[in-house]
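Undergrad: Numbering (my numbering), first residue to last: 1 to 311. Have a look at the structure that comes next, please.
Below, the structure is given as structure tokens:
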């Protein structure tokens with residue numbers, strides 16, 4: 001590294017740890033808006049599928065609180081992980097490593113939004129949903145980010161629960177409790193997370209190795225990771241159909257989810273079978289990209305059927 005490059009790195013680190021100069025866009029980036037969009041969508045589906053009724057205004061309030069709580073988790077995640085975010089190419093342009101927002105500012109931002117979202121959801125909707133949101137933030141920040149992420153290759157498996165809770169919180173916002181149906185929605189996202197994220201981890205293995213994060217490909221090797229991707233995909237395919245089998249989704253969802261599950265399984269098999277060269281890289285990218293489409297379509301189909309049946 002040249003002297004100029006070294007000085008640039010020192011200057012960036014100094015900004016990240018002391019003073020910030022963040023814009024509104026930088027603070028929005030701290031919220032991880034792409035992740036937030038999935039949280040909002042799955043929480044909304046949970047609300048729409050839940051029995052009972054919630055006033056539209058309170059429904060909007062609930063969704064906003066869930067979204068802000070998810071964003072707060074993202075900000076606190078970036079606060080804690082700013083050291084490794086500077087190392088990985090995928091995260092180097094985030095506001096803290098880029099020197100646009102200081103760690104102190106990100107921490108204060110995340111804590112403020114966390115408390116505000118939980119208290120507002122509890123006061124205006126119900127305290128069960130508020131407590132559930134608080135637990136989700138705690139799980140993502142403390143259990144996953146601070147503990148599991150840097151200590152075990154099972155970080156995504158266990159920590160993925162945080163990303164799977166939103167439909168249950170949406171359900172709880174309407175009913176004040178949870179049920180087997182909401183738990184099935186949780187399980188779909190929970191089992192989907194490892195093959196989705198490990199496909200990315202295979203592609204970005206060098207980044208995680210450089211940062212010292214014990215992702216599955218780094219610790220157990222690519223062969224074991226591919227085996228586990230296939231194993232989780234085998235579990236996911238029938239689980240995706242289970243809302244129809246349990247009677248809270250229609251036959252159209254049943255057929256469509258089965259087809260989507262078979263495609264997911266086929267792509268996972270390609271990742272398992274093709275292990276070298278550019279073909280292997282393309283197989284992991286295809287699975288990662290389709291996995292996002294797969295989850296979106298499952299919940300979109302559930303939402304569409306609930307809207308049609310409600311007409």
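Quick reminder that beta carbons are idealized off the backbone N, C-alpha and C, glycines included.
Could you give the DSSP three-state label for residue 154: helix, strand or coil?
TA: coil
Undergrad: What does a CB cutoff of less than 8 Å around residue 250 pick up in its chain, not counting 5 residues either side in sequence?
TA: 244, 305, 309
Undergrad: Mapping the DSSP letters down to three states, classify residue 103 as helix, strand or coil.
TA: helix
Undergrad: Could you tell me whether the segment 233 to 244 touches the segment 106 to 119, where touching means 3 or more Cβ pairs closer than 8 Å?
TA: No: fewer than three Cβ pairs fall under 8 Å.
Undergrad: Pull up the distance between the alpha-carbon of residue 270 and that of residue 179, whole angstroms please.
TA: 36 Å
Undergrad: Using the Cα positions of residue 144 and residue 57, report the straight-line distance between them to the nearest angstrom.
TA: 33 Å
Undergrad: By how many angstroms is the C-alpha of residue 200 removed from the C-alpha of residue 209?
TA: 13 Å
Undergrad: For residue 319, is the classification buried or exposed, using 16 other Cβ atoms within 10 angstroms of its Cβ as the cut-off for buried?
TA: In the structure displayed, the chain extends from 1 to 311; residue 319 sits before or after that span and is not available.
Undergrad: Spatial neighbours of residue 71 within its chain, please: C-beta separation below 8 Å, excluding the five flanking residues on both sides.
TA: 30, 31, 32, 33, 36, 113
Undergrad: Which runs of the beta strand (DSSP E) spanning at least 3 residues fall entirely within the segment 146 to 218, listed in chain order?
TA: Considered as a whole, the segment 146 to 218 harbours no complete run of any beta strand (DSSP E) with no fewer than 3 residues.
Undergrad: Thinking just about the alpha-carbon of each residue, which of 220, 303, 94, 154 is nearest to the one in residue 74?
TA: 94
Undergrad: Buried or exposed for residue 278, please, with buried defined as at least 16 other CB atoms from any protein chain shown within 10 angstroms of its CB.
TA: Exposed.
Undergrad: My assumption, with CB atoms under 8 Å, is that residue 175 sits in contact with residue 50. Please give the rounded CB distance.
TA: 5 Å
Undergrad: For the alpha helix (DSSP H) that residue 221 lies in, which residues bound it at each end?
TA: Counting along the chain, residue 221 falls outside any alpha helix (DSSP H), and DSSP gives it neither H nor E.
Undergrad: Going along the chain, which residues of its own chain have a beta-carbon closer than 7 Å to the beta-carbon of residue 187, five neighbours each way excluded?
TA: 239
Undergrad: Consult DSSP for residue 228 and reduce its assignment to one of helix, strand or coil.
TA: Reduced to three states, the DSSP call for residue 228 is helix.
Undergrad: Residue 248: which of 268, 307, 169 sits nearest, CA to CA?
TA: If we check each option's Cα against that of residue 248, 307 comes out closest.
Undergrad: Given this structure, state the Cα-to-Cα distance separating residue 191 from residue 183, to the nearest angstrom.
TA: 12 Å
Undergrad: Does the ligand MG have even one heavy atom less than 6 Å from the beta-carbon of residue 274?
TA: For the structure depicted, the ligand MG is absent and the ligand set is empty, with no information on it obtainable.
Undergrad: Applying the 10 Å Cβ sphere with the 16-neighbour rule, what's the burial state of residue 181?
TA: buried
Undergrad: Are the segment 39 to 47 and the segment 151 to 171 touching by the rule of at least three beta carbon pairs closer than 8 Å?
TA: yes
Undergrad: Just to confirm my understanding: we take residue 136, look at its own chain, exclude 5 residues before and 5 after, and list those with CB closer than 6 Å. What are they?
TA: 162, 165
Undergrad: Return the CA-CA distance between residue 5 and residue 160, expressed in angstroms with no decimal places.
TA: A caution first: residue 5 carries a pLDDT of 40, below 50, which makes its placement in the model unreliable, though a value can still be read off. If I take the Cα positions, the gap works out to 37 Å.
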